[in-house]
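> Count the sequence shown with this note's numbering and you get residues 70 to 318, in order.
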Amino acid sequence: MLFILLFFILHWYLSLFSQTFFQHRYASHRAFQMNRFWEKFFHIFSYVTQGSSYMSPRAYAIMHRMHHAYTDTEKDPHSPQFSPNVFAMMWRTRRVYLNIVGEKAEVEERFLKGLPEWPAFDRWAGSAWSRLLWVGIYTTIFALWATSPWLWLLLPVVITMGAVHGAIINWFAHKYGYHNFKMKNTSRNLFNLDIFMLGESYHNNHHKRPSSVNFGFRWHELDPVYPVIKLLAWLRVIRLNRPQLAEAH
70 MLFILLFFIL HWYLSLFSQT FFQHRYASHR AFQMNRFWEK FFHIFSYVTQ GSSYMSPRAY
130 AIMHRMHHAY TDTEKDPHSP QFSPNVFAMM WRTRRVYLNI VGEKAEVEER FLKGLPEWPA
190 FDRWAGSAWS RLLWVGIYTT IFALWATSPW LWLLLPVVIT MGAVHGAIIN WFAHKYGYHN
250 FKMKNTSRNL FNLDIFMLGE SYHNNHHKRP SSVNFGFRWH ELDPVYPVIK LLAWLRVIRL
310 NRPQLAEAH
């Protein structure tokens, strides 16, 4: 039982880190820069840590940029304002994502700048065969180490981890919590201290300062990924943009 719980926690946070660090802060907002080697490294790292719920950084970035441009309107890929429940919203998000990946959607030029491009890798990583491979790996892990039947309830979450993370922020952080900034949208900060979502739940802060490397604003709003970003900048793995150095807390 302990092994499965540790595996679940590790998968939760590694998958979430990949999403917030690479797909969100880097690919979507270019909050910092990295060279081609490290971009490829984190591309692969995202695939390994997200597994069956891997999202193309390119498609993720386009969709997220659309979310900021069209927040809480009918063009928003994932707004609670236009879905009766969280499952309907995520299904709509899935359709938008697949249309972008399949190049079936017309994407505005402004959403295409500075995207991480690795089409051959994304074709494999997002393929049905790749996802089935990861499902097989996860199922094997549970078959070997799940000592209690209730632990199998965690398997669907493991398989759809990226979607679960997206649902928590895109639904609940537009409905519940507090706000530091009055915006023309429903974005809110879901948690006062966000260890659970690695700073992603400071959604109101993020909508106010989308390119900031630090999602926290007030003294208690700890963004656990921010110190990691500072460390990677110190190690010269990434380069922080000068304006963001001034605004980061």
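Just so it is clear, CB atoms sit at the ideal spot from N, CA and C, and this is done for glycine as well.
1) From the DSSP output, in three-state form, read off ARG192 for me.
2) In the DSSP assignment, what residue or residues form a beta bridge with PHE101?
3) With DSSP run on the structure shown, which of helix, strand or coil describes TYR95?
4) Would you call the region 177-190 and the region 126-146 in contact, with 3 or more CB pairs under 8 Å?
5) Hey, quick one: how far does the alpha helix (DSSP H) through PRO293 stretch, first residue to last?
6) Return the chain-ordered list of same chain residues with a C-beta closer than 8 Å to the C-beta of PHE77, the five sequence neighbours on each side being excluded.
7) If I measure Cβ to Cβ from TYR139 and keep anything under 6 Å in the same chain, skipping five residues before and after, which residues do I get?
8) By a C-beta neighbour count over all protein chains shown, 10 Å radius and 16 as the cutoff for buried, is GLU269 buried or exposed?
9) Helix, strand or coil, according to DSSP, for TYR247 in the structure here?
10) Which residue or residues does DSSP assign as beta-bridge partners of TYR271?
11) May I have the straight-line CA-CA distance separating ILE73 from HIS248, to the nearest angstrom?
12) Helix, strand or coil: how does DSSP classify TRP214 here?
13) Leaving out the 5 sequence neighbours to the left and right, which residues in its chain are closer than 7 Å to PHE180 when beta-carbon positions are compared?
14) Taking the alpha carbon of GLY231 as the reference point, which residue from ILE210, VAL165 and HIS80 has its own alpha carbon closest?
15) With H, G and I counted as helix, E and B as strand and the rest as coil, what does DSSP make of TYR139?
16) So what does DSSP say about LEU74, is it helix, strand or coil?
17) Secondary structure at LEU83, three-state DSSP: helix, strand or coil?
18) Less than 8 Å between the beta carbons of LEU220 and MET70, yes or no?
19) Taking SER256 as the reference, give the member of LEU262, ILE264 and ASN273 with the closest Cα.
20) Run through DSSP, which three-state label would HIS276 get?
21) Helix, strand or coil, according to DSSP, for SER199 in the structure here?
22) Quick check on this structure: which residue in GLU177, GLY171 and TRP198 has the alpha carbon closest to the alpha carbon of PRO188?
23) My guess is that ALA242 and LEU259 are in contact by the Cβ rule of under 8 Å, so how many angstroms apart are they, rounded?
Checking against the coordinates, here is how it stands:
1) Of the three classes helix, strand and coil, the one that applies to ARG192 here is helix, per DSSP.
2) LEU309
3) helix
4) yes
5) No alpha helix (DSSP H) contains PRO293, which DSSP labels as neither H nor E.
6) LEU223, VAL226 and VAL227
7) ASP145
8) buried
9) Here TYR247 sits in strand by DSSP.
10) Answer is ASN258.
11) 36 Å
12) Per DSSP, reduced to three states, the secondary structure at TRP214 is helical.
13) ILE131, ARG134 and MET135
14) HIS80
15) Here TYR139 sits in coil by DSSP.
16) In the structure shown, the three-state DSSP call for LEU74 is helix.
17) helix
18) Cβ atoms of LEU220 and MET70: closer than 8 Å.
19) ASN273
20) helix
21) If DSSP states are grouped into helix, strand and coil, SER199 belongs with the helices.
22) GLY171
23) 4 Å
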